[in-house]
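What follows is one structure encoded as structure tokens, with my remarks underneath.
4 protein chains.
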Amino acid sequence: MKEIIYTVRVEFGDCDPARIVWFPNFFRWIDASSRNFFVRCGVPPWHETEAATGMIGTPVVDTHARFVKTASYGDTLQVHTCIAEWRGKSFVQRHRILREDDLIMECDEVRIFAARRGDDATGIRAVAIPEDIRRLCE
Amino acid sequence: MKEIIYTVRVEFGDCDPARIVWFPNFFRWIDASSRNFFVRCGVPPWHETEAATGMIGTPVVDTHARFVKTASYGDTLQVHTCIAEWRGKSFVQRHRILREDDLIMECDEVRIFAARRGDDATGIRAVAIPEDIRRLCE
Amino acid sequence: MKEIIYTVRVEFGDCDPARIVWFPNFFRWIDASSRNFFVRCGVPPWHETEAATGMIGTPVVDTHARFVKTASYGDTLQVHTCIAEWRGKSFVQRHRILREDDLIMECDEVRIFAARRGDDATGIRAVAIPEDIRRLCE
Amino acid sequence: MKEIIYTVRVEFGDCDPARIVWFPNFFRWIDASSRNFFVRCGVPPWHETEAATGMIGTPVVDTHARFVKTASYGDTLQVHTCIAEWRGKSFVQRHRILREDDLIMECDEVRIFAARRGDDATGIRAVAIPEDIRRLCE
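Protein chains in written order, with my numbering: chain U, 1423 to 1560; chain Y, 1423 to 1560; chain C, 1423 to 1560; chain R, 1423 to 1560.
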């Protein structure tokens, strides 16, 4: 199972008046790590897959996160990302954020491979998991 | 059980290249709705409780969200927030985001009432749920 | 000269460890107020103008802001927006952010009306100011 | 004159429905590069200077930015930061954002060295430029 690490520097502006990372920012980094995972596995960027197959990306349909320790600016965090499970039209992407050996946060996301729905500018639908992409990520 | 509604206008900059709300922004709005819930229930702002009792806020320790429909700029969303469960040192805050009658996203958060941990500038610890705050929110 | 007001609630997460609004957030609000200005003047949303005339929006090419007073969470701010000057292919949009009578921040932006540049997915070019839009905004 | 480079990966979520970087994000990166400049010059982090001398950071009082070319996700940008001018109680920090040799954006910020104003939780005041910090940055 491939695991790819995405490194984050926590900045002053990522922190709130309690001087710790404001939690929505963890989801920013997880989303970046999700995309980085596919790029590093050799999957083409979504604007290329959109042109070739209509696939526009892997939106999240369900996410479950646990916040274990706080982080603050000056910290360097590492997001460890893998695909924990493949399902029919979705997959579970697992992210564990560490500061050296300390677990800061962990998150299981259910994502789908999505294409546009007909003429609808913002509607999306799940497509079957592309076999070539799956092979690149395992 | 009190339910408080927080209204959000979705802006152009809240949306991503797929032209839908970039999901970390939902957590921004949920966090704002969480604080708004306490303010509207009559709980003093956290900088006042910090001065009075050391309590600095209600950080999230666990969150579970389900994304049901997409939203895009121009939409007006309503975040319906209540406290679904009180536990010893934590509580479950439930948020349902609607566009008129359409459910867009729902989220159960476990939050704690937190105070600073000793001299540590960024460490926090859970305190027992303040009875006066609980009464205001039920 | 039309002036449109856009109201902002400052949230906890908009503030930084110095407990004041983190300044990039002012630009978030100014951008929302810029779009709101056109909507309130009766200009169709950009995805409609894109379909009709290729015009995708009004990107900023130059911005000059002055930060006068700090703001913090709990504050309600009002962004007063107008178009201070029309030029050949650009215009100056002026934003003044007030908390009641206190000036918090002011900003002059030079924006253009933009269309896509040929096949380039991310390149944009300035187009002449559409007369019908100008009339709606004066 | 010292120049420090701060590297940014542009992520999907940094881009808007026009598929280019949403401009407030440039200010996020500039603010990070501003702080990085001081750290790399050997200036202690602001929470240390706050404890030692009351100095809480270098808030922006005026900023002037010019957006030259667009950027999009997948791009790697380099923020070149220096201090272009020292004044009595303020300084001009200059940032140029490049993608390889292409200038994407440039920005001159006037910043001050700030301390808290008396008992006011969110008020700040300018202090004289600390000589030791200036020497580290030249």
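Positions of the beta carbon are idealized from the N, C-alpha and C atoms, including for glycine. None of these values were measured; they are calculated from a predicted model.
Candidates the options: closest to residue i by CA position
{"i": "K1511 of chain R", "options": "R:I1526, R:F1448, R:I1534 and R:R1556", "result": "R:I1534"}
{"i": "L1520 of chain R", "options": "R:G1545, R:V1514, R:S1494 and R:R1539", "result": "R:S1494"}
{"i": "I1426 of chain Y", "options": "Y:V1461, Y:D1530, Y:G1545 and Y:V1549", "result": "Y:V1461"}
{"i": "R1450 of chain U", "options": "R:R1431, R:P1439, R:D1530 and R:V1465", "result": "R:R1431"}
{"i": "T1503 of chain Y", "options": "Y:P1439, Y:R1457 and Y:N1447", "result": "Y:R1457"}
{"i": "P1552 of chain Y", "options": "Y:F1448, Y:T1475 and Y:D1530", "result": "Y:T1475"}
{"i": "R1557 of chain C", "options": "C:N1447, C:G1464, C:V1443 and C:D1524", "result": "C:G1464"}
{"i": "M1423 of chain Y", "options": "Y:D1524, Y:R1547 and Y:I1505", "result": "Y:I1505"}
{"i": "V1501 of chain U", "options": "U:F1448, U:V1443 and U:E1560", "result": "U:F1448"}
Chain-ordered chain R contacts of residue i [CB-CB under 9 Å]
{"i": "F1460 of chain Y", "result": "Here the premise fails: no neighbours, minimum Cβ distance about 19 Å."}
Burial state of residue i (16 or more Cβ within 10 Å)
{"i": "D1554 of chain C", "result": "exposed"}
{"i": "R1539 of chain U", "result": "exposed"}
{"i": "A1429 of chain Y", "result": "A small correction: the amino acid at residue 1429 of chain Y is Thr; Ala does not occupy that position in the sequence shown. Result: exposed."}
{"i": "T1498 of chain R", "result": "exposed"}
{"i": "C1433 of chain C", "result": "It should be noted that the sequence gives Glu, not Cys, for residue 1433 of chain C. Answer is buried; the Cβ neighbour count reaches 16."}
{"i": "M1368 of chain Y", "result": "Outside the shown range of chain Y, which is 1423 to 1560, sits residue 1368 of chain Y, and nothing can be said about it."}
{"i": "A1550 of chain U", "result": "exposed"}
{"i": "R1441 of chain R", "result": "buried"}
Contact under 8 Å by Cβ, residue i with residue j
{"i": "L1483 of chain U", "j": "V1514 of chain U", "result": "Correcting the residue type first, residue 1483 of chain U is Val in the shown sequence and not Leu. No, they are not a contact pair."}
{"i": "E1507 of chain Y", "j": "R1518 of chain Y", "result": "no"}
{"i": "A1536 of chain R", "j": "T1471 of chain R", "result": "no"}
{"i": "I1526 of chain R", "j": "K1491 of chain R", "result": "yes"}
{"i": "A1466 of chain U", "j": "C1437 of chain C", "result": "One point to set straight first is that residue 1466 of chain U is Pro, not Ala, in the sequence displayed. Contact flag unset, no."}
{"i": "F1489 of chain Y", "j": "F1445 of chain Y", "result": "yes"}
{"i": "G1496 of chain Y", "j": "A1454 of chain C", "result": "no"}
{"i": "D1530 of chain Y", "j": "R1516 of chain Y", "result": "yes"}
{"i": "H1469 of chain C", "j": "H1486 of chain R", "result": "no"}
Amino acids of chain U, ordered along the chain, whose beta-carbon sits closer than 8 Å to that of residue i
{"i": "R1518 of chain R", "result": "Result: empty, since nearest Cβ-Cβ is about 19 Å, beyond 8 Å."}
9 Å Cβ cut-off: residues of chain C touching residue i
{"i": "T1492 of chain R", "result": "P1481, T1544, G1545 and I1546"}
Neighbouring residues, chain U, relative to residue i (Cβ below 7 Å)
{"i": "P1467 of chain R", "result": "G1496"}
Proximal chain C residues relative to residue i, where beta-carbon distance stays under 7 Å
{"i": "E1472 of chain Y", "result": "Simply none; closest approach about 11 Å."}
{"i": "C1437 of chain U", "result": "D1438 and P1439"}
Residue i Cβ short of 7 Å to the ligand NAD heavy atom set
{"i": "P1446 of chain Y", "result": "Because no ligand of any kind appears in the structure shown, any question about the ligand NAD cannot be addressed here."}
Neighbour list for residue i in chain R, Cβ cutoff strictly below 8 Å
{"i": "E1433 of chain U", "result": "R1450, D1453, A1454 and R1457"}
Output needed in chain order: residues of the segment 1441-1455 of chain R with a Cβ under 7 Å from some Cβ in chain Y. R1441, W1444 and P1446
Anything in the segment 1475-1490 of chain Y with a Cβ closer than 9 Å to a Cβ of chain U? List those residues in chain order, please. I1478, G1479, P1481, V1482, V1483, D1484, T1485, H1486, A1487, R1488, F1489 and V1490
Cβ-based contacts, 8 Å cut-off: residues of the segment 1545-1558 of chain U near chain Y: G1545 and I1546
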